Structure formats: structure tokens, C-alpha cells
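Trainee:
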Amino acid sequence: MLWGLLALFTGAAVFAILWPLARRPRGRAEHVAPDVAFYKAKLEEIAREGESGVLSQEEAEAARTEAARRLLKSADAVTPEETAKAPASPRLRLRLVAILGLVFIPAVSLGLYSVIGNPSMPDDPLAARLDVSPNKMTLQVAIAKVEAHLRQHPEDGRGYEVLVPAYLKEGRVEDAVRAASMAMRKLGATPERETVYGETLVYAAHGVVTDDAHKLFVQAAAGPTPPLKALFFLGLAASQDGDKATAANYWQKLMARLPEKSPGRAELKARIAALENASPAPKAAEVAAIAGMSPAQRQATIHKMVDRLAARLARNGQDVEGWLRLVRAYKVMNETDKARAALATARHDLGNDAKAMGRIDALARELGLS
14 MLWGLLALFT
24 GAAVFAILWP
34 LARRPRGRAE
44 HVAPDVAFYK
54 AKLEEIAREG
64 ESGVLSQEEA
74 EAARTEAARR
84 LLKSADAVTP
94 EETAKAPASP
104 RLRLRLVAIL
114 GLVFIPAVSL
124 GLYSVIGNPS
134 MPDDPLAARL
144 DVSPNKMTLQ
154 VAIAKVEAHL
164 RQHPEDGRGY
174 EVLVPAYLKE
184 GRVEDAVRAA
194 SMAMRKLGAT
204 PERETVYGET
214 LVYAAHGVVT
224 DDAHKLFVQA
234 AAGPTPPLKA
244 LFFLGLAASQ
254 DGDKATAANY
264 WQKLMARLPE
274 KSPGRAELKA
284 RIAALENASP
294 APKAAEVAAI
304 AGMSPAQRQA
314 TIHKMVDRLA
324 ARLARNGQDV
334 EGWLRLVRAY
344 KVMNETDKAR
354 AALATARHDL
364 GNDAKAMGRI
374 DALARELGLS
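Take 14 as the starting number for the sequence shown in this note's numbering and just add one per residue.
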């Protein structure tokens, strides 16, 4: 069926191009011998002179008879060889060109396609690319499927909820913020959704717990069993404000709810132990100032803060907390190469500290950089 349609379309295209060539030219005389043409003209001249009275009827008849005799003699004198030498009919030539075109152009096209084409290759429409089994589905395809679903069903809050972690994993932080906001708006506020929304705001601020994010974590932690991440980010907010006792309190509560063999316990113990020697974090005033900036100003300010942190670690690379913050900041800023380079430098500088190396390796696995 497909090949038949292709042949039909090819024939139609060639026919449309060559049809004007095959039409009979207008205003072109057939080839005649010169003598025959002369005597034909002579007969017409005698007829005109007879009608006008220049020649008498007898003179005109005699002249016409003589011209007719010579015309017949000239016509009989044209040989088959002379006829063969005469130019071929333009119509015949053009028809020949049209026939050759109808045969030659499709033949060449099919020949080239058989060499450079692949008729066995299936088509690859967008719908088919999205309609794949879950085992073979990449994260980008899964995101595209959910986004397509939400375009048709924008009221489906579950779809937005599913997109949040996927967007974060892809580094699409602003999209994650919007998706978390829409999920909470469509489905209602819960401690878990408030925590997720707050987390996206922290990522958008490159690790700074802004006022809006802090309010969400406080609301999420108001219940009897606050989400674990809410406790973690509340401790992080306290540490960024310089309130080490409050930070340690939140992290100890979190650690008490983790299983004994959980890797998170070692991470929290290290954070609590490092509070006294932690590198300077943004002060409360700085955090508030950053939160009140425009997106462009906020990005520029945060980039300067990250650059200052990187410069300080280049002078003194023994600060594991600083390295963790720097790597995470680069990852959130979607500067993966810098994040990997920072990991390599941290491993070099902290190579003799087994606990520090464990935290660096854990962060690398968490961020997909290992």
C-alpha cells in the first residue's frame, strides 16, 4: 500500500512537470520544401490580382494553371532523403522527453533510495515514543507523559505532586517549585506537601532556608509526628541563623526517629559535632535580604556567596561542612562539572578523615555524582 502511494505521488509530480512539454506548440508551421512554399504563395498572389482586375480572367486562369503545374512538379521532386533531413516534429521530440522523464526520474529516485534509504525503518511519532512500558521509560519520557496528561487534565493535583521529585532530579528547580505549589493548591495542605513545597524553595534559594520555606516547615512540624525532612530543614534554618543549640535539638529529634543502622544517623551525628567548627553560614539578616530580592538579584547574590565559599575552601580545605554546602550549591545551580570538581578536591583535602570522606561519598551518591 505504501509503495503504491509513493509511486502514485511520484508519477503525479513528474506528470505535472513534463505535461507542458508534451503540449502542441502554437503558431509553429510544418516543414515544407522552399519551392513548394513559393508556388503556393504565387497561387495566392494570382488570385488576389484576378479579384482586383489587374489580370483578366483569361490571364489569371493561364497564370494559375502554370503555377499549379510547377507546384505539383516541385512537390513531386521532394525525395524521401530530403524529408528525412527535415527537422523532426517538435511535438514528437517533446513527447519522447516526457516518456523518458516518466521512466527515468522514478527509476533514479528508487535507485538512490535503495542505497541511502531504509524502507524497513518504522516511523517514530511522539505518541509512540511516549507510549512505552514503565521498565523502559526514561525520566524525561515519564515527565513528558505527565505534562501531556496535565495539559488535558489541569485539575489533577496528583500529576503535579508526581512531577516535583522528577523536576528536582533533572535540576528543573523553578518547575519543581511551581509543581509543588499547584499540588498543594489542588489537593490541599498537609504536613508532607508543606515539607515538599518548602524543600523546593530551599533548592531554589541554593540551600538557603528562606522565610517562606521556614514558615512551611514550621506548619508541617506542628503535628505530633512531623515529617523527617521538616525537622532536618528546621535544624538547617537554625544553623544558618547561628542558633547552634536549636539546630542540634532538631537534628537530635530527627536522629531519634531513624533506625539504628540508617546512614542518616551518621550524617546527623557529624552535623551536630561539626556545629562548633562549622564555616560561617548566611546570617538571618542575609537570608531575609536574599528572600526579598528579585529573581535576578537573588541569583547574582547567591553566585557571589558560592564564589566566596569556593575561594575560602581553596585556602583551607579541611572544612567538610563547607565542601558539602559547595557541592550541593553547584548541583542546585545545575553546574555539574563544578560539583564533580569540588568533590574531587574535597576528597583530596579530606583524604585522611574517614568520617569526612564518608559524608562526602554519601552526598555524591545522593546527588547522583558518584
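Where is the CB? At the ideal position from N, CA and C, for every residue including glycine. Owing to the predicted nature of the structure, the values given are computational and were not obtained by experimental measurement.
So, for N262: in the same chain, excluding its five sequence neighbours on each side, which residues have a beta-carbon less than 7 angstroms away from its beta-carbon?
Mentor: There are no such residues.
Trainee: Keeping to the same chain, check which residues put their C-beta closer than 7 angstroms to that of G40; ignore five residues upstream and five downstream.
Mentor: With a pLDDT of 46 at G40, under the threshold of 50, the modelled position of this residue cannot be trusted, and the question is left open.
Trainee: Identify whether P204 lies in helix, strand or coil by the three-state DSSP scheme.
Mentor: Helix.
Trainee: Evaluate D362 with the Cβ neighbour count: other Cβ atoms within 10 Å of its Cβ, from every protein chain shown; 16 or more gives buried, anything less gives exposed.
Mentor: Buried, since its Cβ has 16 or more Cβ neighbours within 10 Å.
Trainee: Can you give the Cα-Cα distance for R360 and L200, rounded to whole angstroms?
Mentor: So the alpha carbons of these two residues sit roughly 44 angstroms apart.
Trainee: Using the three-state DSSP reduction, which class does G172 fall into: helix, strand or coil?
Mentor: Here G172 sits in helix by DSSP.
Trainee: Check each candidate in A179, G170, K282, R164 and name the one with the smallest Cα separation from V154.
Mentor: Residue A179 is the option with its Cα nearest to V154.
Trainee: Let me make sure I understand the geometry here. Which of N365, L382, A355 has the alpha-carbon closest to that of L326?
Mentor: The residue with the shortest Cα to Cα distance from L326 is A355.
Trainee: Can you look up Q312 in the DSSP assignment and give me helix, strand or coil?
Mentor: Helix, per DSSP.
Trainee: Could you spell out where the alpha helix (DSSP H) holding K274 opens and where it closes?
Mentor: No alpha helix (DSSP H) holds K274; DSSP gives it neither H nor E.
Trainee: Using a Cβ-Cβ cutoff of less than 6 angstroms, which residues in the same chain neighbour T208 once the five nearest sequence positions on both sides are dropped?
Mentor: Cβ neighbours of T208 beyond the five flanking positions: A233, P240, K242, A243.
Trainee: Do you know how far the Cα of L152 is from the Cα of S122?
Mentor: Between S122 and L152, the C-alpha separation is close to 41 angstroms.
Trainee: In terms of residue numbering, what span does the alpha helix (DSSP H) encompassing L337 cover?
Mentor: Where L337 is concerned, the enclosing alpha helix (DSSP H) stretches over 333 to 345.
Trainee: Return helix, strand or coil for P178, following the three-state DSSP convention.
Mentor: Of the three classes helix, strand and coil, the one that applies to P178 here is helix, per DSSP.
Trainee: Kindly list the residues whose CB is nearer than 6 angstroms to the CB of K266, restricted to its own chain and excluding five residues on each side of it in sequence; keep chain order.
Mentor: Within the same chain, K266 has close Cβ partners L244.
Trainee: Express the C-alpha separation of A192 and K317 in angstroms, rounding to a whole number.
Mentor: Their Cα atoms are separated by approximately 28 angstroms.
Trainee: Short of 6 angstroms in beta carbon distance, which residues of its chain neighbour G170, apart from the five on each side in sequence? Order them along the chain.
Mentor: Excluding sequence neighbours, G170 sits near A196, K199, L200.
Trainee: Taking R353 and G220 to be in contact with their CB atoms under 8 angstroms, please state how far apart those CB atoms are, rounded to whole angstroms.
Mentor: Between G220 and R353 the Cβ distance is about 18 angstroms, and since that is not below 8 angstroms, they are no contact.
Trainee: When the Cα of T213 is compared with those of V190, R311, A313, which residue comes out closest?
Mentor: Checking every option, the nearest Cα to that of T213 belongs to V190.
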